[in-house]
Amino acid sequence: MNTNIDSSNSLQTLIVIGNGMVGHHCVEQLIAGGALQHYQLHVFGEEQMRAYDRVHLSEYFTGRDAESLALSDAALYQTPGVTLHLGTQVLEIDRAGHKVVTATGSVHYDKLVLATGSYPFVPPIEGAHGDSRLVYRTLEDLDAIRTAATNAIRGVVVGGGLLGLEAANALKSLGLEAHVVEFAPRLMPVQLDEQGGIALKDRIEQLGVGVHLSRGTQSITAGEEYRYRMNFGNDEFLETDLIVFSAGIRAQDALARQCGLEIGPRGGVSIDGQCLSSDPDIYAIGECAAWNGSIFGLVAPGYQMARAVATTLCGGDAEPFMGADMSTKLKLLGVDVGSIGDAHGHTPGSRSYQFIDQTTASYRRLVVDASGKHVIGAVLVGDNSYYDTLLQYMQNAIALPAEPASLILPSSSGAPTLGPASLPETATICSCHNVTKGAICSAIDGGCTDLGVLKSETKACTGCGGCAALLKTVFEHELIARGVSVDKSLCEHFAYTRQELYALVRVEGVLTFEELLAKHGRGHTGCDICKPTVGSILASCWNQPIMDASLVPLQDTNDTFMANMQKNGTYSVVPRIAGGEITADKLIAIGVVAKKYDLYTKITGGQRIDLFGAQLHQLPDIWSELIEAGFETGHAYGKSTRTVKSCVGSTWCRYGVQDSVQMALTIEDRYKGLRSPHKLKFAVSGCTRECAEAQSKDVGVIATEKGWNLYISGNGGMRPRHAELFATDLDDDTLIRYIDRFLMFYIRTADKLQRTSVWRESLEGGLDYLKDVIINDSLGLGAELEAQMQLVVDRYECEWANTLKSPEKLKRFRTFVNDKRADPDIHFVEERGQRRPATAAELKLIPVVEEAL
Numbered sequence: 117m118n119t120n121i122d123s124s125n126s127l128q129t130l131i132v133i134g135n136g137m138v139g140h141h142c143v144e145q146l147i148a149g150g151a152l153q154h155y156q157l158h159v160f161g162e163e164q165m166r167a168y169d170r171v172h173l174s175e176y177f178t179g180r181d182a183e184s185l186a187l188s189d190a191a192l193y194q195t196p197g198v199t200l201h202l203g204t205q206v207l208e209i210d211r212a213g214h215k216v217v218t219a220t221g222s223v224h225y226d227k228l229v230l231a232t233g234s235y236p237f238v239p240p241i242e243g244a245h246g247d248s249r250l251v252y253r254t255l256e257d258l259d260a261i262r263t264a265a266t267n268a269i270r271g272v273v274v275g276g277g278l279l280g281l282e283a284a285n286a287l288k289s290l291g292l293e294a295h296v297v298e299f300a301p302r303l304m305p306v307q308l309d310e311q312g313g314i315a316l317k318d319r320i321e322q323l324g325v326g327v328h329l330s331r332g333t334q335s336i337t338a339g340e341e342y343r344y345r346m347n348f349g350n351d352e353f354l355e356t357d358l359i360v361f362s363a364g365i366r367a368q369d370a371l372a373r374q375c376g377l378e379i380g381p382r383g384g385v386s387i388d389g390q391c392l393s394s395d396p397d398i399y400a401i402g403e404c405a406a407w408n409g410s411i412f413g414l415v416a417p418g419y420q421m422a423r424a425v426a427t428t429l430c431g432g433d434a435e436p437f438m439g440a441d442m443s444t445k446l447k448l449l450g451v452d453v454g455s456i457g458d459a460h461g462h463t464p465g466s467r468s469y470q471f472i473d474q475t476t477a478s479y480r481r482l483v484v485d486a487s488g489k490h491v492i493g494a495v496l497v498g499d500n501s502y503y504d505t506l507l508q509y510m511q512n513a514i515a516l517p518a519e520p521a522s523l524i525l526p527s528s529s530g531a532p533t534l535g536p537a538s539l540p541e542t543a544t545i546c547s548c549h550n551v552t553k554g555a556i557c558s559a560i561d562g563g564c565t566d567l568g569v570l571k572s573e574t575k576a577c578t579g580c581g582g583c584a585a586l587l588k589t590v591f592e593h594e595l596i597a598r599g600v601s602v603d604k605s606l607c608e609h610f611a612y613t614r615q616e617l618y619a620l621v622r623v624e625g626v627l628t629f630e631e632l633l634a635k636h637g638r639g640h641t642g643c644d645i646c647k648p649t650v651g652s653i654l655a656s657c658w659n660q661p662i663m664d665a666s667l668v669p670l671q672d673t674n675d676t677f678m679a680n681m682q683k684n685g686t687y688s689v690v691p692r693i694a695g696g697e698i699t700a701d702k703l704i705a706i707g708v709v710a711k712k713y714d715l716y717t718k719i720t721g722g723q724r725i726d727l728f729g730a731q732l733h734q735l736p737d738i739w740s741e742l743i744e745a746g747f748e749t750g751h752a753y754g755k756s757t758r759t760v761k762s763c764v765g766s767t768w769c770r771y772g773v774q775d776s777v778q779m780a781l782t783i784e785d786r787y788k789g790l791r792s793p794h795k796l797k798f799a800v801s802g803c804t805r806e807c808a809e810a811q812s813k814d815v816g817v818i819a820t821e822k823g824w825n826l827y828i829s830g831n832g833g834m835r836p837r838h839a840e841l842f843a844t845d846l847d848d849d850t851l852i853r854y855i856d857r858f859l860m861f862y863i864r865t866a867d868k869l870q871r872t873s874v875w876r877e878s879l880e881g882g883l884d885y886l887k888d889v890i891i892n893d894s895l896g897l898g899a900e901l902e903a904q905m906q907l908v909v910d911r912y913e914c915e916w917a918n919t920l921k922s923p924e925k926l927k928r929f930r931t932f933v934n935d936k937r938a939d940p941d942i943h944f945v946e947e948r949g950q951r952r953p954a955t956a957a958e959l960k961l962i963p964v965v966e967e968a969l
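In this note's numbering, the protein residues as written are 117 to 969.
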């Protein structure tokens, strides 16, 4: 950064201090609003990373890297007229001289926006330092937590609020035994009432997280069994290896105090409705700002302030900031939690309706005004499918039905819904970006008929993403209302959804693509959408070998060759290692194959050994040797059952209460080869320490002293989702029966390439409805689903074993039709004792050898 930068041209200088989510949104709005016609824009951020998504910060522990969390491409801050100063702390503001001062110099400003956010509050506790004084706020904080967790067994979070429970989830994802210590008598005391806190505590304890309420840490000393001891009152204590503080936030207002701005009674820069501070040239937005004495700790109010300031600075008439609705919908440790409006019922004359289900630790409270005609608040624990409806009732003062309790009571049709036609134009659909129903209608009237384009144009659903279902419903309803057909056809060849095609195949006993196309389709060939979809449906229904002549044309590249194609044109070989259990002889056999064919070997998170670098013509020979050694295909190439991960369970582990390995073997043997709309992953843990990470799987099983707890619809993919507790203390037979029904119902009703997590979230009626179908057999499908699963199980045959018996099928495995030679364009280099694909730069160094075929 240049020292003593001054504005020497006609443009004024605008500075934004803070490059968090709110500061970044302000920059976006300024650029979009034409501010660069009037200002040179300087943005200062203390962190080395440009603005990133703090709402989904916990995903950093489940596979997302820092760059994927970035809120924009780097190109935004390379816009002419914009200068981004990362890793640069502003030390002071000189209001008299109109400049900000950093360690490397000063920058003049004409207008200044403070977006410094907040910092985590750490109580002054004796002994809190190092790994006993971690916080959960930035990427650097998460890196510190990850480092501290390397040799740790137990971790404790101080604070049972929103961020505290997120931090506890992070500790669990790192494999630690997690505990939460909260000073208040309930979790999330700001958002939840007493009963809601009880329900949330029950749910979180069922997930294996220790909850310690009404505990104040007085000191931290050396522990005996663990590294630290947290000392509470009455001689109580808790030992742990690391401590993360998430005991609330404080406005980052040090700069404002230094330069003499007016401060709110509880901290924060005091602002008016235009977000203007006591200095007419300085604005404040987000968590560092105090409007009417209140600080708003959610993203949506911060964005609202950012838009107001940007509009003002661009010369427009901004709608004044007059406070914000603090309603919020969350998923904490996989548990749905919702809080709307006056959740505690503090409004004089208010009345409440409550629903409590202690068997599932579910709780719902509806708060209505004194007239009994309008919703003013709600609490939800366990099922947020009620949230959108209740929020719209409150925000738009929609008159309550004759029986208000019906809005929170379970019914056969699931959670009540408020039709999009009932919503006024002013109804807020996306609170993060303040997108109303009217804005959606305006976009449609302007010619928008694609949901993806709508999101791009309006920014709806690009914040926290919680409005996705409501946005889609409103969008499609408005299209239909304008006479625009919403085409749900699979493709140009089939005017049906995947679910409808599945029903046709099952009911009519269709066995081939050609038969289905002739009866219910158009055209003669099909396409890349309908062929693999129908191929998957046929496999799910009848489980015929996918390499049969009539089925081969339906497969994509990986299924066609029963191996995953890699970036250099080679393939991976993945033998099934059921439950992660393998004998020494089989380990040796894999080693012999890997060495013979010079394959790169990698132990995966699914407890298998993957072999990379096989060329097409080598696949039959490799599989011949593996099958002779007792292996089967692991189906890593298919949308099918992949792995069943397990810990060692009660056989070896001193904490194990059930034989998790045997159950994993039973499950994998039963469902191997099962084809589905998307890949399926399972796990079985022998106790609540959860070493197999069952709660991040499509089907997770955790042992209890009484049997098995069943979790469903989790995944660790691009949009990680914790599985939900479905049933408890099941015996072996009941567990398998429920899994049979669940998987077949998913296969029967899911859309193409839809994971169990997304499918479950789209189910009308939510988890309660699914329990009713699977456990209570409310649709009378139980026996049918079990029979359909048994047919698939009975027809299982290793696809590679089947192929090796057929000379005709083996003809496919040649790089050249008339030659058995290897592909001369595939090259490898050595690295860390194994070979890997050569990079583009390395390929330039490899001599070209021309050979005639």
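Each residue gets a CB set at the ideal place from its N, CA and C atoms; glycine is no exception.
Could you spell out where the beta strand (DSSP E) holding residue i opens and where it closes?
i, result
"His328", "326-328"
"Cys391", "Run containing Cys391: none; DSSP gives neither H nor E here."
"Asn825", "823-828"
"Cys546", "544-546"
"Phe858", "No beta strand (DSSP E) holds Phe858; the alpha helix (DSSP H) holding it covers 848-865."
"Tyr155", "155-161"
"Ile492", "491-497"
In whole angstroms, what is the alpha-carbon distance linking residue i and residue j?
i, j, result
"Cys643", "Ala665", "18 angstroms"
"Leu482", "Gln470", "6 angstroms"
"Ala634", "Gly750", "34 angstroms"
"Leu278", "Pro436", "28 angstroms"
"Val909", "Glu947", "42 angstroms"
"Thr444", "Thr844", "29 angstroms"
"Met304", "Ser478", "16 angstroms"
"Pro517", "Gln156", "55 angstroms"
"Glu630", "Val668", "13 angstroms"
"Val132", "Phe237", "24 angstroms"
"His838", "Thr356", "25 angstroms"
"Asn550", "Thr544", "6 angstroms"
"Tyr502", "Ala459", "14 angstroms"
"Val709", "Tyr193", "51 angstroms"
"Gly291", "Thr178", "11 angstroms"
"Val590", "Gly535", "8 angstroms"
On the criterion of 16 or more Cβ atoms from any shown chain inside 10 Å, does residue i qualify as buried, or is it exposed?
i, result
"Gln205", "exposed"
"Asn285", "buried"
"Gly213", "exposed"
"Ala899", "exposed"
"Ser528", "Note on Ser528: pLDDT 41, under 50, position unreliable in the model; the coordinate value appears next. Result: exposed."
Between residue i and residue j, which are expected to be in contact by the criterion C-beta below 8 angstroms, what is the C-beta distance as a whole number of angstroms?
i, j, result
"Arg876", "Ile828", "7 angstroms"
"Ile980", "Ala494", "The chain is shown only over 117 to 969; residue 980 falls outside these bounds and no answer can be derived."
"His140", "Leu187", "5 angstroms"
"Ser248", "Arg366", "That pair is no contact at about 20 angstroms."
"Leu200", "Arg166", "7 angstroms"
"Gly280", "Ser362", "4 angstroms"
Report the three-state DSSP secondary structure of residue i (helix, strand or coil).
i, result
"Glu341", "coil"
"Val709", "helix"
"Leu358", "strand"
"Lys575", "coil"
"Ser126", "coil"
"Asp644", "coil"
"Gly696", "helix"
"Lys813", "coil"
"Ala531", "Its pLDDT being 47, under 50, Ala531 is placed unreliably by the model, and nothing is read from it."
"Arg985", "The first residue shown for the chain is 117 and the last is 969, placing residue 985 beyond what the model contains."
What residue range is occupied by the uninterrupted alpha helix (DSSP H) comprising residue i?
i, result
"Leu907", "898-910"
"Ser188", "Where Ser188 is concerned, there is no enclosing alpha helix (DSSP H), given that its DSSP letter is neither H nor E."
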